[in-house]
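Scroll down for the structure; my scribbles are underneath it.
Protein chains: 2
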Amino acid sequence: MDLKLLAVAGGQAPADIVVKNGKIVNVYTKEIYEGGVAVAGDKIAAVGDVDYCIGEGTKVIDANGNYITPGFIDGHIHPESSSLSIRPFAELVLKHGTTAIMTDFHEIGVVSGLEGIEAVLDEAKETDLKIYFVVPSHVPFSPALETSAGQFNYDIIKKALEREDAVGISEVVGPYILAQFPDLLTSMDLVNKTPGMTNQGHLADMKGPAMNAVLAAGVTTDHESLGPEDALERVRKGCHLMIREGSAARNLEACLKAVLEAKLDTSRVSIVTDDLHTCDGVNNGHLDDAVRRAISYGADLATAIQMVSLNAARAFHKDDEIGGLAPGRRADINITTGEEDFKVLSVIAGGRQILDNGNMLVSYAKADHKPCLLNTTTLKNPVTADSFKIMAPEGAKKVKVQVMDTLPWIPITTGREAELNVVDGVVQCDLEQDVLYIAQVERYGINGNVGKAFMGGFQMKAGAIASSVGHDNHNVIVMGTNFEDMAVAVNKVIEMNGGQIAVKDGEVLASIAYPVCGLLTDLSAEELAAEKVKLNDAIHGLGSPITIPFMFLSFICLAALPCFAITDVGFINVITQQVMDPILEVLE
Amino acid sequence: MDLKLLAVAGGQAPADIVVKNGKIVNVYTKEIYEGGVAVAGDKIAAVGDVDYCIGEGTKVIDANGNYITPGFIDGHIHPESSSLSIRPFAELVLKHGTTAIMTDFHEIGVVSGLEGIEAVLDEAKETDLKIYFVVPSHVPFSPALETSAGQFNYDIIKKALEREDAVGISEVVGPYILAQFPDLLTSMDLVNKTPGMTNQGHLADMKGPAMNAVLAAGVTTDHESLGPEDALERVRKGCHLMIREGSAARNLEACLKAVLEAKLDTSRVSIVTDDLHTCDGVNNGHLDDAVRRAISYGADLATAIQMVSLNAARAFHKDDEIGGLAPGRRADINITTGEEDFKVLSVIAGGRQILDNGNMLVSYAKADHKPCLLNTTTLKNPVTADSFKIMAPEGAKKVKVQVMDTLPWIPITTGREAELNVVDGVVQCDLEQDVLYIAQVERYGINGNVGKAFMGGFQMKAGAIASSVGHDNHNVIVMGTNFEDMAVAVNKVIEMNGGQIAVKDGEVLASIAYPVCGLLTDLSAEELAAEKVKLNDAIHGLGSPITIPFMFLSFICLAALPCFAITDVGFINVITQQVMDPILEVLE
């Protein structure tokens, strides 16, 4: 028992910090009233009239009449989507008032398994960001269709759930429940019977009886609602609605307006980001941006704040620990402006002041990464231009192929048939038809797989781009207009121990190294944002109009996203979950 | 994984039960709309449009346009206050729509320890009432001031918390935290670090800094709010407000009106009963009665239902399991009338129909009680009239004594000084001054203690009454106008293996046996209610105007309730927590 905390709360000892002269946003009552907050160690000792806690040595912070809110909680985020290693990521989000996240570190898990995730959780301990670990429910997503170095099965999940920071399992995919994946059902049973644990859902596109079935299995939240119908069905069926408003998908306007217009009880509605890209984070912020938007869509301040604090905590049964300004809760406190132009001015996380009127007070040392996070790119066989060639049947001069096109605003693929010429037995890309070569190269030294296909929608006119970030296996994805540049791009990515690159005529136009798991950099958010701009500019210079091409590319590898995908195993028909030959027939 | 449940939810198999043609009270959204509920096994498979679940063998229940609500949950109740053993108690509350309770079985624990509680939990398994076990945080309340057979210390609490049905520790007394009782703080630390567990508070009279301190220690709920100020402070400070509306204390009107008038978010407000006396339960009901009252105090139907279902579940982090109509939740379902004249018509508990339009469909067999629950009354020394005599100092003829008076409407004691005559060295009671003899006799065969004092407020004019129910030690409490009747009363109670009795001139006027722990009977609620009327009538015939005299008597033994108490150890000054001599001075 923290006797100092009790003494401060009880008025027998001075607080470490007192925030005074503010307007308390009380997420328990949805009231806003004048008051302050007293802190002892890493906990809140008192809220409201806290003058009695000021004594010798108390640091008094004047809120100057601004609002005092709980620290924000992102109930569903993959920090790896920022491409930042955990410490600069923590700096980025803390600066915007996020003091706790729930995450599965699924991408780290794909590359380095539970050992890698535990190493990152250790690195995170040096930050002031509170992290709750939601154990990945399955890695990789499609074991038969892709190669990953890390794996999560029931035994590993069971072990991970015993960690003190574990709060459940993540990304429980609806159709996988309906298909009765044995490891998944066993893991869910374990979660269902373990107090405090939850099955966090990934219930894209589910409705009606199918939705009833996955909820009956014990899924309690979902972050995949796209519009009013999804949102209302989830809340009404007792499924905590995590409305996603992130860099990759923005569902807040449609879903929040539906909830507010229907005048639903909002205690089981929270806002999450799922993905936060560094440029977005640097330019717009994190959950503070979501609060601004929520207010613009009609939420009052207290309701918006509740959705990024208490409600997220409730979804994990952690509302006694975080999510509100109350005695005994973690001292996560923001000072903010009001509804007019919502902004986080100052941040206290775990009792430590992080931000003071917009100025960061902390900077975390670069982590000494454990070996399991480093040197994760190994080719079993050398990669050359020949590695990417798709050979036509002997004697063919023209073939009909299946091309996959990305939509321009979201990395969802559709199918298109195209006629391509054959030269020296090799099927040729066709820039006029916007048909490029795409391939994924296995990078863990396991089997030397290279999957190959044809890609449309990126509209590149020259060169090649490659990346060691590709859901859900993070092999090296490469796309190009010629085999030589593709080989250069892949080999440079391997040399960098992972990263992203644009190549033209054998020369590197721009690149970023991701030495941590081939996914993350130790650059600061601002440094990385600047590098990303350069890299994207280079790709736009190659002719592609896609705003964030590497993000799109990373999802083209996802064997679970319709309609087609490329993995190291081959060209995937997502609907049938089969590998297919991109060559459909010989025309000449 | 319950694959049949998934099949029913998914529409591949017929439901066991479908309730149709009702108005769903959705406690997640606070909406009310037309629909039904489908049940598979002990779980809900679907809610809303459930026609697709009807098939061969489905039992279809027509709600006839009535409301369909979740089963009710009492988040804080001591079933022993009904004097019923657990199976008839379950029948009583199930009949009124209560399908789950959170309880510590503290009184069983006092008499028979954890072994006794576990035996009762085993007996309860044969019923359809879901019981969550909140482990007693300390038994007895005042170890130095009373003798109990059962004890709860940290080691026992730790063991009990490992049970599957454990949800935390109960009755965490505010001042005991402030006094830093070592076992209590260690137990709280264990709870604080164990996911899903909660420290359930008993925070009578606490406010301001003292309240902040106990909340900072980890207490998350309280059921001791008496009025608006208490209620608002608790919700604002993040403490779940359990508004008590039971047989012994009624705080709903004052507290609920305060919450509603202040327009507070009510997601952390529930209604509990703490104590439910059998006569009250038989005549008025349980939480159904609380809902009726809540509506009369201004709550709308959905809010009132939320307060006796979802919100209570949330207070224990069990909202994924019970508390609402949603796929995967325990199939606890009530069919009720509406706001006008709220009544529970039909009840399904754990997927089994219990009540059909007011008719009970189940009757539980009398339990074969384990030995630890029986034969719990043993006197170390024989009790005679002499046992109760308070001797004056040698030669005294008149003494001034400290009398304790009960208030007439609540068993709170105040002090009064009186002058009493001494005859043959024995201080005499004085009916004209309303001063009776009172004593408590240790009944576990441990030390033969008899504590003695003088009692006012009961106004008995003849005879004696005795009871083996006395908080917080359940020794035999006896009160009378003469020593002979007191001895007869105590010896008869011991002969019955516990019970309550009224005696006059050596004859038994009325009695009820409580053979289970000296606290409970196997009679049905209706049978017991009839017996209680007879027993109370007998005591009223002895001149006492106190409506439920044995309930009052049971609290006069509580060394924690001001200002005075009697235990087997002696006459207790509760304020100083000291045993005192009731004789203050010799006057003649």
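The listed protein sequences correspond, in order, to chains D and V. Just so we're aligned, residue 1 is where the first sequence starts under the working numbering, counting upward by one. Just so we're aligned, residue 589 is where the second sequence starts under the working numbering, counting upward by one. Note that CB positions come from ideal geometry on N, CA and C, so glycine has one too. All of these numbers come straight from a predicted model, not from anything done at the bench.
Nearest-angstrom beta carbon gap, residue j and residue i [assumed within contact, 8 angstroms]
i, j, result
"Ala1050 (chain V)", "Val1066 (chain V)", "At roughly 15 angstroms, the Cβ-Cβ gap does not stay under 8 angstroms, so Ala1050 (chain V) and Val1066 (chain V) are not in contact."
"Pro14 (chain D)", "Cys53 (chain D)", "7 angstroms"
"Leu1108 (chain V)", "Ser835 (chain V)", "That belief does not hold up - the Cβ atoms of Leu1108 (chain V) and Ser835 (chain V) are roughly 16 angstroms apart, past 8 angstroms."
"Asn573 (chain D)", "Gly598 (chain V)", "Asn573 (chain D) to Gly598 (chain V), Cβ: 25 angstroms. No contact."
"Ser309 (chain D)", "Ile44 (chain D)", "Incorrect: roughly 13 angstroms between the Cβ atoms, too far for contact."
Element boundaries [alpha helix (DSSP H), containing residue i]
i, result
"Met895 (chain V)", "889 to 895"
"Asn421 (chain D)", "Element bounds for Asn421 (chain D): not the alpha helix (DSSP H) but the beta strand (DSSP E), 413 to 423."
"Asn1079 (chain V)", "1071 to 1083"
"Lys631 (chain V)", "Run containing Lys631 (chain V): none in the alpha helix (DSSP H); it sits in the beta strand (DSSP E), 631 to 636."
"Tyr764 (chain V)", "762 to 766"
"Ala453 (chain D)", "Segment 450 to 456 is the beta strand (DSSP E) holding Ala453 (chain D); no alpha helix (DSSP H) there."
"Thr774 (chain V)", "770 to 781"
"Leu92 (chain D)", "86 to 94"
"Glu1114 (chain V)", "1113 to 1129"
"Ile108 (chain D)", "106 to 124"
Residue i, buried or exposed, once every other Cβ within 10 Å from all chains shown has been counted against 16
i, result
"Ile482 (chain D)", "The sequence given here has Asn at residue 482 (chain D), not Ile. Asn482 (chain D) is buried by the Cβ-count criterion."
"Glu224 (chain D)", "buried"
"Ser363 (chain D)", "exposed"
"Glu679 (chain V)", "buried"
"Val1057 (chain V)", "buried"
"Val37 (chain D)", "buried"
"Thr809 (chain V)", "buried"
"Tyr1102 (chain V)", "buried"
"Glu588 (chain D)", "exposed"
"Asp51 (chain D)", "exposed"
"Asp424 (chain D)", "exposed"
"Thr273 (chain D)", "buried"
"Thr376 (chain D)", "buried"
"Pro724 (chain V)", "buried"
"Tyr437 (chain D)", "buried"
"Pro371 (chain D)", "exposed"
"Asp1022 (chain V)", "buried"
Identified DSSP bridge partners for residue i
i, result
"Phe593 (chain D)", "This structure cannot speak to residue 593 (chain D), because chain D is shown only from 1 to 588."
"Asn1161 (chain V)", "V:Phe1152, V:Gln1166"
"Glu245 (chain D)", "D:Arg250"
"Asn947 (chain V)", "V:Asp944"
"Gln402 (chain D)", "D:Glu417"
"Ala1098 (chain V)", "V:Ala1090"
"His1059 (chain V)", "Its beta-bridge partners do not exist; DSSP assigns none."
"Ile612 (chain V)", "V:Tyr621, V:Ile656"
"Tyr444 (chain D)", "D:Thr378"
"His240 (chain D)", "D:Thr221"
"Met391 (chain D)", "D:Val426"
"Phe133 (chain D)", "D:Thr103, D:Ala166"
Bounding residues of the beta strand (DSSP E) (the contiguous stretch that carries residue i)
i, result
"Lys537 (chain V)", "Nothing about residue 537 (chain V) can be reported from this structure: the residues present for chain V run from 589 to 1176 only."
"Thr866 (chain V)", "Run containing Thr866 (chain V): none in the beta strand (DSSP E); it sits in the alpha helix (DSSP H), 866 to 872."
"Lys647 (chain V)", "647 to 650"
"Ile936 (chain V)", "932 to 937"
"Met1067 (chain V)", "1064 to 1068"
"Val516 (chain D)", "Where Val516 (chain D) is concerned, there is no enclosing beta strand (DSSP E), given that its DSSP letter is neither H nor E."
Tell me which residues of the stretch 227 to 240 of chain D have at least one Cβ-Cβ distance to chain V shorter than 7 angstroms, keeping chain order. Per Cβ criterion, the list reads Val235, Arg236, Lys237, Gly238.
Report the residues of the stretch 617 to 633 of chain V with a CB closer than 9 angstroms to any CB of chain D, ordered along the chain. For chain D, the residues of the stretch 617 to 633 of chain V that bring a beta carbon within less than 9 angstroms of one of its beta carbons are Thr617, Lys618, Glu619, Tyr621, Ala626, Ala628, Lys631, Ile632, Ala633, in chain order.
Anything in the stretch 61 to 72 of chain D with a Cβ closer than 9 angstroms to a Cβ of chain A? List those residues in chain order, please. The structure shown contains no chain A; its protein chains are D and V.
At a CB distance below 9 angstroms, what residues from the stretch 773 to 806 of chain V approach chain D? Give them in sequence order. Across the stretch 773 to 806 of chain V, CB contacts with chain D closer than 9 angstroms involve Leu773, Thr774, Met776, Asp777, Asn780, Lys781, Thr782, Pro783, Gly784, Met785, Thr786, Asn787, Gly796, Pro797, Ala798, Met799, Asn800, Ala801, Val802, Leu803, Ala804, Ala805, Gly806, in sequence order along the chain.
Please list, in chain order, the residues of the stretch 320 to 354 of chain D that have any C-beta partner in chain V closer than 8 angstroms. From the stretch 320 to 354 of chain D, only Asp320, Gly324, Leu325, Ala326, Pro327, Gly328, Arg329 have a Cβ closer than 8 angstroms to chain V.
Which residues, in order along the stretch 847 to 866 of chain V, keep a beta-carbon less than 7 angstroms from a beta-carbon of chain D? Residues of the stretch 847 to 866 of chain V that bring their beta carbon within less than 7 angstroms of a beta carbon in chain D comprise Leu852, Asp853, Ser855, Arg856, in sequence order.
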